[in-house]
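What follows is a set of notes on a single structure, which appears directly below.
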Amino acid sequence: MPVLSVVIPRLKTNQLKWSFSGAFEVCHSPGVQDVQVATARQSLIVRGLFPMLADPRHPAESTSASNESVLKVALDHGKAAGVIKSHDRVVVCQKVGDASVVKIIELE
């Protein structure tokens, strides 16, 4: 069963330049391209795991509306990549506030 992994990076700034930080952070203040490559490389060591870098304007501590928008983007990406298709059941594991939530949805 394929797994789509969505990483939501955090934006940092020192008033002159922007950089990403997160679980897959690369040393030496990388640029955007370096972070995307490192995230993909680290996630691809697990067979069947498809990494996706989400829009950093959706923080992990976001509201349920933005969580749903990130989920929709992830599902659309999975459909475009051919990992999932209509009428598939998808197990969604996400963090909402301090709680971890698991839900099963059927795609339309």
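So in UniProt numbering, spot 72 of the sequence shown is number 72, and the numbers just go up one at a time. Beta carbons: idealized from backbone N, C-alpha and C, even for Gly. Everything numeric in this text was worked out from a predicted model, so none of it was measured.
| Query | Result |
| --- | --- |
| On the CB-based measure, 16 or more other CB atoms within 10 Å of its CB, does Gly-78 come out buried or exposed? | buried |
| Restricting to Cα atoms, I'd like to know which of Arg-89, Asn-14, Lys-85 is closest to residue 109. | Residue coverage of the chain in this structure runs from 1 to 108, which leaves residue 109 outside it and unanswerable. |
| Have a look at Leu-16, Leu-107, Ser-100 and flag the residue whose alpha-carbon is nearest the alpha-carbon of Lys-72. | Leu-107 |
| I'd like the list of long-range same chain contacts for Cys-93, defined as Cβ closer than 6 Å, with 5 residues on each side in sequence excluded. | Val-102 |
| Could you give the distance in angstroms between the alpha-carbon of His-28 and the alpha-carbon of Asn-14? | Legend: pLDDT at His-28 = 43, less than 50; position of this residue unreliable, value from coordinates given subsequently. For His-28 and Asn-14, the distance between alpha carbons rounds to 15 Å. |
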